[in-house]
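A.B. asks:
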Amino acid sequence: MKSAQDGDGSAYVALLKDITPWVRQMLRHRRRFLQPQDIEDLVQDVLLSLHAVRATYDPKRPFLPWLAAIAGNRLADGARRYARRAANEVAVENLPVTFADEGAKMPMDAYGDPEALRHAIEALPPGQRQAVEMLKLRELSLKEAARESGMGVGALKVAVHRGIRALRKALSTNP
Amino acid sequence: MTEKTDTLIQRLAESSAPVRRLRAPWWRTIFWLGIAVPYVALVVYVVSPRSDLIAKMSNSQFVIEQIAALATGIAAAVAAFATTIPGFSRKFLLLPAFTLAVWLGSLGHGCVQDWIRLGPEGLSLRPDWFCFPSIVLVGAVPAIAMAVMVRRGAPLTPHLTAALGGLAAAGLGNFGLRFFHPQDASLMVLVWQFGTVFVLSALAGWAGRYFLSWRALIGGSHRPAVG
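Chains as they are written, first to last, in our numbering: chain D, 1 to 175; chain P, 1001 to 1227.
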């Protein structure tokens, strides 16, 4: 490692080739459930990390504890990454995309009380009500709604944004 | 897949330019102090030292608190640098813990003394918003130097390293502050000054992962393409 720090490429190759089986073995031993390609990804992570921080190695100190600390840290980092990803993913075997499937028939964004929604829309100021009706209920494009209402596209965007915010507030306070 | 690892090894070897080894944490701390202390002295000089400084230097309470603040800054710096060395000994973390305990203990002792001397009046708390920006000002250059230096190490414990670095800079900032800010009531020092040091260290610790990360260090340049 000392030679590698001094820029000796062939010594560095020899060192990395020597330690790779050890790192692979260590990772395999500590993460028995991982697939071989995941282990290899981690091995590469460890090698890249070692390369990035090779200046931190002190030749007066033993090499293996230094390497083991990097490998252990990258392993823990990988586990944290995996846990974060797993926490934000929902494992679904078959996505319900056909109408034969019950899940696909569920109206996901339907509001539970249409009557309250109708009252809340009626209570909106005229400009916001018109914008919500045209853009959200009739699903017109911004250009079509602008042509029909005589309002500008920017004004429509602002009105619909405020309208939706007002509806959300009204419906959350009057459940 | 092992072929890809072999390719990676070749690429790493090709880009293995000589590197300058990091010195031991003690040496790096001395180097950091070489940057930080002159700056702190300059700020104290520019803001102008408090008028009773000479008298204060013979007050044992003041001297102990200042030594403890300085020792905490130094010990936290040593520990911060040590945490960036793979395989570092956890014993380094005891250093700032010990000096911090002495600092807190001296402030606590001061509070008791104030209580005995002045009664409840000695423990009155007033707003002193001067402390926060002053400690930030005095600790700014030490903090920047610390951030640059710890980034040369390994980001093994980003939050801990950054919190220790923040403690080092803020501790030194508080050490400098007391040379020009005439606030000696122990409870005020404890709440406003030590409180500021604590808040700044916590903020630094929180921000650690943004400037100390493997991702920033490694990037994706060397990894062989998949497939």
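From the three backbone atoms N, C-alpha and C, an ideal C-beta is built for every residue, glycine too.
(1) Spell out whether any CB of chain P is found under 8 Å from the CB atom of residue 22 (chain D).
(2) Name, please, each residue of chain P whose Cβ falls closer than 7 Å to the Cβ of residue 54 (chain D).
(3) Can you tell me the Cα-Cα spacing of residue 1221 (chain P) and residue 1006 (chain P), whole angstroms?
(4) Between residue 165 (chain D) and the ligand SAM, is there a pair consisting of the residue's CB and a ligand heavy atom that are separated by less than 7 Å?
(5) Run down chain P in chain order and give the residues with a C-beta less than 9 Å from the C-beta of residue 73 (chain D).
(6) Identify whether residue 1221 (chain P) lies in helix, strand or coil by the three-state DSSP scheme.
(7) What span of residues does the alpha helix (DSSP H) with residue 121 (chain D) cover, start to end?
(8) Three or more C-beta pairs closer than 8 Å, one from the stretch 1078-1087 of chain P and one from the stretch 1152-1163 of chain P: is that the case here?
(9) Comparing C-alpha positions only, which one of D:149, D:130, D:13, D:5 sits nearest to residue 164 (chain D)?
(10) Looking at the structure shown, is residue 1031 (chain P) part of a helix, part of a strand, or coil, going by DSSP?
(11) Give every residue of the same chain whose Cβ lies closer than 6 Å to the Cβ of residue 1131 (chain P), excluding the five residues on either side of it in the sequence, and list them in chain order.
(12) Which term fits residue 66 (chain D), buried or exposed, when burial requires 16 or more other beta carbons within 10 angstroms of its beta carbon?
(13) Decide if the stretch 1047-1056 of chain P is in contact with the stretch 1175-1189 of chain P; the criterion is three or more beta carbon pairs, one per stretch, under 8 Å apart.
(14) I'd like to know whether the C-beta of residue 83 (chain D) is nearer than 8 Å to at least one C-beta of chain P.
(15) Which value, in whole angstroms, describes the spacing of the CA atoms of residue 1208 (chain P) and residue 1043 (chain P)?
(16) Can you check whether the CB of residue 1108 (chain P) is closer than 8 Å to the CB of residue 1115 (chain P)?
(17) Any beta carbon of chain P sitting closer than 8 Å to that of residue 126 (chain D)?
(18) Rounded to whole angstroms, what's the CA-CA distance from residue 1039 (chain P) to residue 1141 (chain P)? Just pull it up for me.
(19) If I follow the unbroken alpha helix (DSSP H) through residue 1156 (chain P), where does it start and stop?
(20) Assuming residue 1138 (chain P) and residue 1173 (chain P) form a contact by the criterion Cβ under 8 Å, report the distance between their Cβ atoms to the nearest whole angstrom.
(21) Checking 8 Å against the spacing of the C-beta atoms, do residue 1145 (chain P) and residue 1035 (chain P) come in under that value?
(22) Hey, does residue 44 (chain D) have any beta-carbon neighbour from chain P nearer than 8 Å?
(23) Using a Cβ-Cβ cut-off of less than 8 Å, give me the residues of the stretch 149-166 of chain D that come near chain P, in sequence order.
(24) So the candidates are P:1211, P:1103, P:1080, P:1051; which of them puts its Cα closest to the Cα of residue 1072 (chain P)?
(25) Rounded to whole angstroms, what is the Cα-Cα separation between residue 1200 (chain P) and residue 1168 (chain P)?
(26) Please tell me whether residue 1162 (chain P) has its Cβ less than 8 Å away from any Cβ of chain D.
(27) What does residue 1093 (chain P) touch in chain D if you count any residue whose Cβ is under 9 Å from its own?
(28) Taking Cβ positions, are residue 1021 (chain P) and residue 55 (chain D) nearer each other than 8 Å?
C.D. replies: In short, the structure shows the following:
(1) no
(2) 1019
(3) The pLDDT assigned to residue 1221 (chain P) is 49, lower than 50, so where the model puts this residue is not dependable, and the model offers no usable value.
(4) Although the ligand SAM was asked about, the structure shown includes no ligands whatsoever.
(5) 1086, 1154, 1155, 1156, 1157, 1214
(6) Residue placement at residue 1221 (chain P) cannot be trusted, given a pLDDT of 49 that sits under 50; the coordinates are not used to answer.
(7) 114-122
(8) yes
(9) D:130
(10) helix
(11) 1192, 1193, 1196
(12) buried
(13) yes
(14) no
(15) 27 Å
(16) no
(17) no
(18) 7 Å
(19) From DSSP, residue 1156 (chain P) is part of no alpha helix (DSSP H); its letter is neither H nor E.
(20) 4 Å
(21) yes
(22) yes
(23) none
(24) P:1103
(25) 10 Å
(26) no
(27) Under the 9 Å cutoff, chain D gives no residues; its nearest Cβ is about 15 Å from residue 1093 (chain P).
(28) yes
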